[in-house]
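Q: A single structure is presented below for examination.
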């Protein structure tokens, strides 16, 4: 990172490219460049290298709660045109079950999108003590609950699926 005389971030310096394993310049060497900006936005995700550097340099974690992490799963389902429970724009959010039964916390969502698609997901806080807890299995349990399964029944999973590691705030945790 680049700082001005008052220790404000004014940009970044890119990494030198074209170095061998010993750090020696190869024929393809290109020096890093300075990218200067009036505003610098850091959006590198959970536990990013630059973010950790800023936290340490400016003591941004002083008198703060520790950072909190979670793992989220999401699937996009395609429902038939005549699905009885599809309602474009419908949003369901949840906290607790099935995670509360396992002694942990997190949340869930189900969004009715356009074109008879439904996005369903579960976010599991990574502060659980049970070493046998399997977040993916909890996601499967969630989808099979009768209150959720009715929205997925007859649909096809696989339009999209994925997981992601999140940095969270303690908004919903006790």
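Residue numbers (UniProt numbering): 1 to 174. Just so it is clear, CB atoms sit at the ideal spot from N, CA and C, and this is done for glycine as well. Every value quoted in this text rests on a predicted model; they were computed, and no experiment measured them.
Hey, how far is the Cα of residue 122 from the Cα of residue 91?
A: Taking the chain shown and counting its residues from 1, the one referred to as residue 122 is at position 122. Taking the chain shown and counting its residues from 1, the one referred to as residue 91 is at position 91. Going from the Cα of residue 122 to the Cα of residue 91 covers about 14 Å.
Q: To the nearest angstrom, how far is it from the Cα of residue 126 to the Cα of residue 49?
A: Indexing the chain shown from 1 puts residue 126 at position 126. Indexing the chain shown from 1 puts residue 49 at position 49. Using only the alpha carbons, I get a separation of about 20 Å.
Q: Please list the terminal residues of the continuous alpha helix (DSSP H) segment that includes residue 29.
A: Locating residue 29 in the chain shown gives position 29, counting from the first residue. Following the DSSP letters along the chain, one finds residue 29 in no alpha helix (DSSP H) but inside the beta strand (DSSP E) bounded by residues 25-30.
Q: Would the segment 150-163 count as touching the segment 68-85 if we require 3 or more Cβ pairs under 8 Å?
A: yes
Q: Report buried or exposed for residue 66, applying the criterion of at least 16 other Cβ atoms within 10 angstroms of its Cβ.
A: Locating residue 66 in the chain shown gives position 66, counting from the first residue. Result: exposed.
Q: Would you be able to state if there are at least three C-beta pairs under 8 Å between the segment 56-64 and the segment 107-119?
A: no
Q: In terms of DSSP beta bridges, what is residue 157 paired with?
A: Position 157 of the chain shown, counted from the start, is the residue given in the question as residue 157. DSSP, once it has assigned bridges, lists 77 as partnering residue 157.
Q: Using the DSSP secondary-structure output, state which residues sit across from residue 108 in a beta bridge.
A: Translated into positions along the chain shown, residue 108 becomes position 108. BP columns for residue 108 point to 94, 122.
Q: Just mark residue 70 as buried or exposed, buried being the case when its beta carbon has 16 or more other beta carbons within 10 Å.
A: Reading the chain shown from its first residue, position 70 is the one you call residue 70. Flag for residue 70 reads buried.
Q: Of the choices 64, 136, 51, 116, whose alpha-carbon is the least far from that of residue 99?
A: To locate residue 99, count along the chain shown from 1; it is residue 99. Looking from the CA of residue 99, the closest CA among 64, 136, 51, 116 belongs to 136.
Q: Does the Cβ of residue 14 have 16 or more other Cβ atoms within 10 Å, making it buried, or fewer, making it exposed?
A: For the purposes of this step, residue 14 is identified with residue 14 of the chain shown, where counting begins at 1. Around the C-beta of residue 14, fewer than 16 other C-beta atoms lie within 10 Å, and the residue is accordingly described as exposed.
Q: Between which two residues does the alpha helix (DSSP H) holding residue 148 run?
A: On the chain shown, residue 148 is found 148 positions in, with the first residue counted as 1. Looking at the DSSP string, the run of the alpha helix (DSSP H) that includes residue 148 is 146-152.
Q: Run through DSSP, which three-state label would residue 85 get?
A: The sequence position of residue 85 within the chain shown is 85, counting from 1. Residue 85: coil per DSSP, three-state reduction.
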